[in-house]
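Here is the structure we will look at.
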Amino acid sequence: SLPYRANMTLLDAMIEVGGLSEYAAGDRALKAAAVSMATFSRRPMDVIARIGGEEFACLWFGVSRQGARHLADGLIDGIRVLGIEHEASSVGTLLTASAGVYYCVPQQGQTLSSLLHEADAALYAAKLEGRDRAVMMPR
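First residue of the sequence shown: -11, per my numbering; consecutive thereafter.
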């Protein structure tokens, strides 16, 4: 079996982008972030999907652990370099993202749901460690 990784990415404090009175600014930020993340999903089996609000799931197959780390860091950097102002952020003045990465070789009986659960736990760790970063599990 090929190794794969699941990545749960959350745009940090996205609900405050543009303020509650200007939904268009938030929509533009989400679209820009999605386009940026799509640059890390180019192979036929790569998947990136918005799974709700400001949360995205990414699945990459056949990557090394080092490659998975490189992709996650690039994804985080890609959001930051968009330069989208975000004054309500606890991290800085620009929109940032946090990512939780779960890297494994699939086992018989392992479900997509369990994979995403592990990636979500890594995302929670990234948020606890200060946001604007990727955390990989297992460490």
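Every residue, glycine too, gets a C-beta built ideally from N, C-alpha and C.
Taking C-alpha positions only, Leu83 is separated from Glu73 by approximately 6 Å.
If you draw a straight line from the Cα of Gly41 to the Cα of Leu(-1), it comes to about 9 Å. Across the structure, Pro32 and Leu59 are spaced so that their CA atoms are roughly 16 Å apart. With fewer than 16 other CB atoms across the displayed protein chains lying within 10 angstroms of its CB, Val69 is exposed. In this structure the region 17 to 31 does not touch the region 109 to 126; the number of beta carbon pairs closer than 8 Å is below three. When the Cα atoms are used, Ala114 and Ala87 turn out to be separated by approximately 6 Å. In this structure, the straight-line span from the alpha carbon of Tyr11 to that of Phe44 is close to 19 Å. Looking at the DSSP output, Gly88 bridges to Met(-4), Val123.
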